[in-house]
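Comments concern the structure below.
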């Protein structure tokens, strides 16, 4: 411990400056009044928080949760077989793992733009289908919830696959043999042994996907168009077009509080299982 | 003719670089405690895994109760395994582990059987514990209970005592033997420990390099080994002019005799209930004798030793 502390100091300092300080600023801003041209002014007020109870924002929160939940579920459904495949592919594991993280080599923004080129009315997909005379009018692939979920699943799938892979890789193969030996068919073994023992990985992956999806603004902005307003976009709007920094600060604090409650609930559930 | 429950017919198993099991034929009588004995890598565990269904034979057939099973998946074979590492499900309680095999058919009869088996292995008070809260011996008993509760035709045991400490191991040997007699299930027991195999088995098959060396009762195997390998593997053996004599069959006289052979004592090891006397012949061959602990023989002494011709082993 004594040796480790000095080496931790730079990290601790960085965290204090880049995390705690901005957080403190957000808290202070959320309790002030909006300035006429952006910024904040006195007097102190809690009005920004009481405004959160307006059903308009409640609906946006619910929509954000719904989209994040669907994206997380899809990541789990797609990621689990993939993680299982990688964990069982012996010497090729490292190759497949690097393929999973390959997309990180380019910017998320550029990759999201690439999806726009694929999905828009004159995009590759619609053009190809039209050229093949499968459809006459372009399909509405872009600027809807489906496109947002697609973009989120695409972007965050690696965050689900990696923790799942880590738990599956450590799974004692003799437990799977024992299950088969006791009469469990492969599907039974998956449900009764593999999935319960992978719960920590599933939980970690779900948190790593759900939390950033909840606060997303880039994906929903580019792929969802003006129809899909999520909390992230709402916060962004307060600091830009609406020039209501205190309300934007209150919104982001509310988002953080909800995410934190969910994390704690997930952790408590994890402790119960152990 | 005894009733055979499990039969291996000319079974071989090749892995990528080596032949693990070479043309093994075995018949295991119903209700027997049958051991597969051999050094590590001799193919005994591979045989067990082929019976369980985790490996498919490269050649040959496996028959269980008159049905050919070598192509069936593990979950369709009425055999159960006690794994070397026990392989208990860490997320389930003791009871959950023991009930695991009853998933789709848990009636009053099954519930009664689970309780009954838990009682038999003295774990009824710990039914709601998790495996991580149990001692090594208790875990071993859970693994056993989980397998016998399904009333398999053959119970496969893969070195189930090797993870226990030596003191406990001897006690568990007796318990396991008692349990097998009480329940009447056929045991196919894999071990590399000759003492374990000798003390528990009705029959032993000794294996070496993937092939069967000899099958017989413990007494036959120990006293009438058919090969040098078997003779040496089952216990210390002196080889004198091509004849094998066990250390306990050697008797030592301190004065020269007509029939005896002369040797110089090089070492005396006191082992509590007996002494080991190490000697060398004139030709330099080493001889080991096991004598009562009260013996006055000392290192450096020249002695005469004899043995009863009945105890000779020729192979």
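Residue numbers (the working numbering), protein chains in the order written: chain A, 1 to 274; chain B, 1001 to 1315. Don't be surprised by glycine CBs; every beta carbon is placed ideally from N, CA and C.
Residue-level contact to chain B via CB, residue i, 8 Å cutoff
{"i": "residue 169 of chain A", "result": "no"}
{"i": "residue 185 of chain A", "result": "yes"}
{"i": "residue 1 of chain A", "result": "At residue 1 of chain A, the pLDDT of 47 sits below 50, so the modelled position is not reliable; the number obtained from the coordinates is stated separately. Answer no: the Cβ-Cβ gap between residue 1 of chain A and chain B never drops below 8 Å."}
{"i": "residue 164 of chain A", "result": "no"}
{"i": "residue 200 of chain A", "result": "no"}
{"i": "residue 190 of chain A", "result": "no"}
{"i": "residue 70 of chain A", "result": "no"}
{"i": "residue 197 of chain A", "result": "yes"}
{"i": "residue 6 of chain A", "result": "no"}
{"i": "residue 193 of chain A", "result": "yes"}
Residue nearest to residue i in terms of C-alpha spacing, selected from the options
{"i": "residue 1143 of chain B", "options": "B:1121, B:1154 and B:1128", "result": "B:1121"}
{"i": "residue 1059 of chain B", "options": "B:1052, B:1053 and B:1070", "result": "B:1070"}
{"i": "residue 1234 of chain B", "options": "B:1057, B:1013 and B:1216", "result": "B:1216"}
{"i": "residue 194 of chain A", "options": "A:172, A:16 and A:101", "result": "A:172"}
{"i": "residue 146 of chain A", "options": "A:225, A:159, A:189 and A:13", "result": "A:225"}
{"i": "residue 1156 of chain B", "options": "A:55, A:62, A:108 and A:181", "result": "A:181"}
{"i": "residue 61 of chain A", "options": "A:261, A:262 and A:255", "result": "A:255"}
{"i": "residue 140 of chain A", "options": "A:153, A:175 and A:125", "result": "A:125"}
{"i": "residue 1022 of chain B", "options": "B:1038, B:1034 and B:1043", "result": "B:1043"}
{"i": "residue 176 of chain A", "options": "B:1137, B:1266, B:1212 and B:1088", "result": "B:1088"}
{"i": "residue 168 of chain A", "options": "A:153, A:119, A:199 and A:151", "result": "A:199"}
{"i": "residue 1304 of chain B", "options": "B:1268, B:1312, B:1258 and B:1275", "result": "B:1258"}
{"i": "residue 977 of chain B", "options": "B:1072, B:1314, B:1179 and B:1150", "result": "Here chain B comprises residues numbered 1001 to 1315, so residue 977 of chain B is not present and cannot be evaluated."}
{"i": "residue 161 of chain A", "options": "A:202, A:197, A:50 and A:32", "result": "A:202"}
{"i": "residue 1252 of chain B", "options": "B:1241, B:1063 and B:1268", "result": "B:1268"}
{"i": "residue 1172 of chain B", "options": "B:1187, B:1200 and B:1150", "result": "B:1200"}
{"i": "residue 1295 of chain B", "options": "B:1271, B:1287, B:1123 and B:1285", "result": "B:1271"}
{"i": "residue 59 of chain A", "options": "A:247, A:228 and A:263", "result": "A:228"}
{"i": "residue 1075 of chain B", "options": "A:216, A:215, A:183 and A:211", "result": "A:183"}
{"i": "residue 1082 of chain B", "options": "B:1241, B:1308 and B:1139", "result": "B:1139"}
{"i": "residue 1255 of chain B", "options": "B:1045, B:1302, B:1118 and B:1187", "result": "B:1302"}
Simplified DSSP state of residue i, which is helix, strand or coil
{"i": "residue 283 of chain A", "result": "Outside the shown range of chain A, which is 1 to 274, sits residue 283 of chain A, and nothing can be said about it."}
{"i": "residue 177 of chain A", "result": "helix"}
{"i": "residue 33 of chain A", "result": "strand"}
{"i": "residue 1270 of chain B", "result": "strand"}
{"i": "residue 1258 of chain B", "result": "coil"}
{"i": "residue 75 of chain A", "result": "helix"}
{"i": "residue 1141 of chain B", "result": "helix"}
{"i": "residue 1315 of chain B", "result": "coil"}
{"i": "residue 1029 of chain B", "result": "strand"}
{"i": "residue 1136 of chain B", "result": "helix"}
{"i": "residue 1294 of chain B", "result": "coil"}
{"i": "residue 203 of chain A", "result": "helix"}
{"i": "residue 1063 of chain B", "result": "strand"}
{"i": "residue 213 of chain A", "result": "helix"}
{"i": "residue 187 of chain A", "result": "helix"}
{"i": "residue 1299 of chain B", "result": "coil"}
{"i": "residue 220 of chain A", "result": "helix"}
{"i": "residue 16 of chain A", "result": "helix"}
Within-8 Å CB hit, residue i to chain A
{"i": "residue 1005 of chain B", "result": "no"}
{"i": "residue 1001 of chain B", "result": "For residue 1001 of chain B, the predicted model reports a pLDDT of 45, less than 50, meaning its position is unreliable; a value from the coordinates is still stated below. No, no contact with chain A."}
{"i": "residue 1045 of chain B", "result": "no"}
{"i": "residue 1080 of chain B", "result": "yes"}
{"i": "residue 1103 of chain B", "result": "yes"}
{"i": "residue 1222 of chain B", "result": "no"}
{"i": "residue 1150 of chain B", "result": "yes"}
{"i": "residue 1309 of chain B", "result": "no"}
{"i": "residue 1085 of chain B", "result": "yes"}
{"i": "residue 1127 of chain B", "result": "no"}
{"i": "residue 1229 of chain B", "result": "no"}
{"i": "residue 1052 of chain B", "result": "yes"}
{"i": "residue 1305 of chain B", "result": "no"}
{"i": "residue 1091 of chain B", "result": "yes"}
The ligand GDP heavy atom lying under 7 Å from the CB of residue i
{"i": "residue 45 of chain A", "result": "Although the ligand GDP was asked about, the structure shown includes no ligands whatsoever."}
Partner residues on chain D for residue i, Cβ-Cβ distance less than 7 Å
{"i": "residue 1100 of chain B", "result": "Among the protein chains in the structure shown, which are A and B, there is no chain D."}
Return the residues of the stretch 172-183 of chain A that lie within a Cβ-Cβ distance of less than 8 Å from chain B, sorted by chain order. Result list: 172, 174, 175, 177, 178, 179, 180, 181, 182 and 183.
Ignoring anything shorter than 4 residues or poking outside the stretch 1174-1248 of chain B, list the alpha helix (DSSP H) runs there in chain order. DSSP runs (the alpha helix (DSSP H)) wholly in the stretch 1174-1248 of chain B: 1194-1200, 1218-1223 and 1228-1234.
Contact set between the stretch 249-261 of chain A and chain B, restricted to residues whose Cβ is under 8 Å from the partner: For the stretch 249-261 of chain A, which is checked against every Cβ of chain B, not one residue is closer than 8 Å.
Fully enclosed by the stretch 139-173 of chain A, which alpha helix (DSSP H) runs are 4 residues long or longer? Taken in chain order, the complete alpha helix (DSSP H) segments of 4 residues or longer contained in the stretch 139-173 of chain A are 145-170.
Near-chain A residues of the stretch 1008-1033 of chain B - C-beta to any C-beta below 7 Å: Against chain A - using a Cβ distance shorter than 7 Å - the stretch 1008-1033 of chain B contributes no residues.
Residues from the stretch 1238-1254 of chain B in contact with chain A, defined by Cβ distance under 7 Å: Under the 7 Å Cβ criterion, the stretch 1238-1254 of chain B contributes no residue.
Proximal residues, the stretch 1137-1162 of chain B versus chain A, C-beta separation under 9 Å: Within the stretch 1137-1162 of chain B, 1143, 1146, 1147, 1150 and 1156 place their CB atoms closer than 9 Å to a CB of chain A, listed in sequence order.
Given a limit of 9 Å on CB to CB distance, which residues of the stretch 1055-1077 of chain B reach chain A? Those residues of the stretch 1055-1077 of chain B that come within reach of chain A (Cβ to Cβ, closer than 9 Å) are 1073, 1074, 1075, 1076 and 1077.
Short of 9 Å Cβ to Cβ, which residues in the stretch 83-113 of chain A face chain B? Under the 9 Å Cβ criterion, the stretch 83-113 of chain A contributes no residue.
Taking only runs that begin and end inside the stretch 1068-1153 of chain B, name each unbroken alpha helix (DSSP H) of 4 or more residues, in chain order. For the stretch 1068-1153 of chain B, whole alpha helix (DSSP H) runs of length 4 or above, ordered along the chain, are 1094-1099, 1108-1120 and 1136-1148.
What are the residues of the stretch 1179-1192 of chain B that lie near chain A, defined by any Cβ-Cβ distance shorter than 9 Å? Listed in chain order, the positions of the stretch 1179-1192 of chain B with a beta carbon within less than 9 Å of a beta carbon of chain A would be empty, since no residue qualifies.
If you scan the stretch 107-144 of chain A from start to end, which runs of the beta strand (DSSP E) of 3 or more residues do you find wholly inside it? Correct list: empty.
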